[in-house]
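Below you'll find the structure, written out as structure tokens, and then a few comments.
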Amino acid sequence: MVTKINKEFHKIIINSLNTKQIDYLGKLFDRSFDLYRVSGFRPSIPIPRQTAADTLLYFCNEDEDVVKLFSILLRFEGEHFYDRTFAIWGKNEFLTLLKLNKWIYDPEMKQFFLDPFYEHEINFLKKIRIIDLRGEVDVKEIVDEIATITKKMGIKDLEWRIALRLYDLNPQIAELIRKILDLLLVRQNLQLYTGEMFFCLKELAINAGKANYKLLFDKYITSKKGITAERNYSKFLELFRLEIEENGNENLLALAKKDDRHFTITFQSSKEAVEVWVTNDQNVTYIEKEQILKKINPERLDNDTFIADDDENTEGAGLGLSLVINLLKNYTGEEHPLKVVFYPDFIKIGFELKRSDLLAKKPSNK
Numbered sequence: 043m044v045t046k047i048n049k050e051f052h053k054i055i056i057n058s059l060n061t062k063q064i065d066y067l068g069k070l071f072d073r074s075f076d077l078y079r080v081s082g083f084r085p086s087i088p089i090p091r092q093t094a095a096d097t098l099l100y101f102c103n104e105d106e107d108v109v110k111l112f113s114i115l116l117r118f119e120g121e122h123f124y125d126r127t128f129a130i131w132g133k134n135e136f137l138t139l140l141k142l143n144k145w146i147y148d149p150e151m152k153q154f155f156l157d158p159f160y161e162h163e164i165n166f167l168k169k170i171r172i173i174d175l176r177g178e179v180d181v182k183e184i185v186d187e188i189a190t191i192t193k194k195m196g197i198k199d200l201e202w203r204i205a206l207r208l209y210d211l212n213p214q215i216a217e218l219i220r221k222i223l224d225l226l227l228v229r230q231n232l233q234l235y236t237g238e239m240f241f242c243l244k245e246l247a248i249n250a251g252k253a254n255y256k257l258l259f260d261k262y263i264t265s266k267k268g269i270t271a272e273r274n275y276s277k278f279l280e281l282f283r284l285e286i287e288e289n290g291n292e293n294l295l296a297l298a299k300k301d302d303r304h305f306t307i308t309f310q311s312s313k314e315a316v317e318v319w320v321t322n323d324q325n326v327t328y329i330e331k332e333q334i335l336k337k338i339n340p341e342r343l344d345n346d347t348f349i350a351d352d353d354e355n356t357e358g359a360g361l362g363l364s365l366v367i368n369l370l371k372n373y374t375g376e377e378h379p380l381k382v383v384f385y386p387d388f389i390k391i392g393f394e395l396k397r398s399d400l401l402a403k404k405p406s407n408k
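The numbers in my numbering rise by one with no breaks, and the one at position 340 of the sequence shown is 382.
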């Protein structure tokens, strides 16, 4: 299927590259690519630029392929590309188009990430759709209200969203999260999955909290000693681990409240799926991005410069994600069921499960 992204990138290729550069771009995308073989031309016959562009996009015909090709061009812009220095025609307009289609570029990773988490307009639960847990809140009252709403829900009430803003998990908040997960699953009697979904979400929330704690630990504690996460990552992790062992999260939670370093958990229900994601209003270090991608989608890494998994001080990013992924794979056919998006100023991570897949996996349906 030819999309607008495909069409506009076709214009970029024709206006930015010659035939040899197009062939070179195809080889950077896939070593097996050969312009003459794919196009059917004999090697002795020159291939027009238009035909070369058509051939490349025939070979790379998915949006994801096109976005990867564009990310390769961004890496080489202003530099020597095969036989000459080149500039990308229409770059800013294409970046705007990608952003409108939820493709987010991370200049550190030099990659685009598709944001699969979108917010539907909701017509249910309007009173409690945003729950701010940063201050004094009667969590029990909210839990009771959700329990009451759950009893009255019908199939038409499957379209809704709830977001929690918090600094950290505690037993009361954990109970609230379980109630919301029950609410996600109750209409089709899918509550048997609440425990596993809670485990997955808890791991994501713990990682988000630790990411915030690391930032604060760096800002207020280690940087004063000349040690930072960017320059002395292993030493920084060692000190962070010792802080957690000696004081738990008590000191760091106080700093989180001081700087209002919170994260958001979003639950979204539709007739087709249930979605859960965690948004952290800060980004993470390049090393931690590599750690996350190594767990979630290692094919996206071009090198092996990340911290080793067996580093005893490794905390936060990537911790427990392998277990989450293995659990999610039980209920989806996706190869990479856990998704991450690195925005310039924040990070999203989460998952979507189709209701039809969950119903098919119920023991009674076997």
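Idealized CB from N, CA, C, for every residue including glycine.
Predicted model, so just to flag it, every value in this text is computed and none were measured.
Item, Value
"Less than 7 Å separating the beta-carbons of L281 and T308?", "no"
"Would R203 pass as a contact of R176 if the rule is Cβ separation under 7 Å?", "no"
"Would you report the Cα separation of T327 and K133, rounded to the nearest angstrom?", "27 Å"
"How would you write the range of the alpha helix (DSSP H) that Y147 sits in, first residue to last?", "Where Y147 is concerned, there is no enclosing alpha helix (DSSP H), although the beta strand (DSSP E) it sits in stretches over W145 to D148."
"What are the partner residues of N322, as DSSP defines its beta bridges?", "F305 and I389"
"Ends of the alpha helix (DSSP H) at I87?", "Taken as a continuous stretch (DSSP letters only), I87 belongs to no alpha helix (DSSP H), as it is neither H nor E."
"Assign E119 to one of three DSSP states: helix, strand, or coil.", "coil"
"Which word fits Y147, buried or exposed, when buried means at least 16 other C-beta atoms lie within 10 angstroms of its C-beta?", "buried"
"In whole angstroms, give me the CA-to-CA distance for R273 and P88.", "51 Å"
"Round the Cβ separation of L380 and L363 to the nearest angstrom and send it over; I've been treating them as touching at under 8 Å.", "7 Å"
"Cβ atoms of S58 and I114: under 7 Å apart, would you say?", "no"
"Looking at the secondary structure, which residues open and close the beta strand (DSSP E) in which V409 lies?", "Because the chain here runs from 43 to 408, residue 409 falls outside it and cannot be looked at."
"If you draw a straight line from the alpha carbon of F128 to that of I64, how long is it in whole angstroms?", "12 Å"
"Could you name the residues that DSSP lists as bridge partners for F155?", "I146"
"Are S311 and L200 closer than 7 Å when you measure CB to CB?", "yes"
"Can you find the residues in the same chain that come closer than 7 Å, C-beta to C-beta, to N60, ignoring five residues on each side of it along the sequence?", "R91"
"Starting from L173, trace the beta strand (DSSP E) in both directions and tell me its first and last residue.", "Rather than Leu, the amino acid found at residue 173 in this sequence is Ile. Note, I173: beta strand (DSSP E), I172 to D174."
"For R203, which of helix, strand or coil comes out of DSSP?", "strand"
"Report the rounded CA-to-CA distance for M43 versus E104, giving the unit in angstroms.", "Caution is warranted here: a pLDDT of 42 is assigned to M43, below 50, making its placement in the model unreliable, and no coordinate value can be reported."
"L226 to D72, Cα distance in whole Å?", "41 Å"
"Going by other Cβ atoms of all chains shown within 10 Å of its Cβ, with 16 needed for buried, is E394 buried or exposed?", "buried"
"Quick one: what's got a C-beta closer than 7 Å to D399's C-beta in the same chain, skipping five residues either side?", "Y373 and T374"
"Just checking, does the stretch 254–270 make contact with the stretch 293–307 on the three C-beta pairs under 8 Å criterion?", "yes"
"Going by DSSP, what residue range makes up the alpha helix (DSSP H) through V181?", "V181 to K194"
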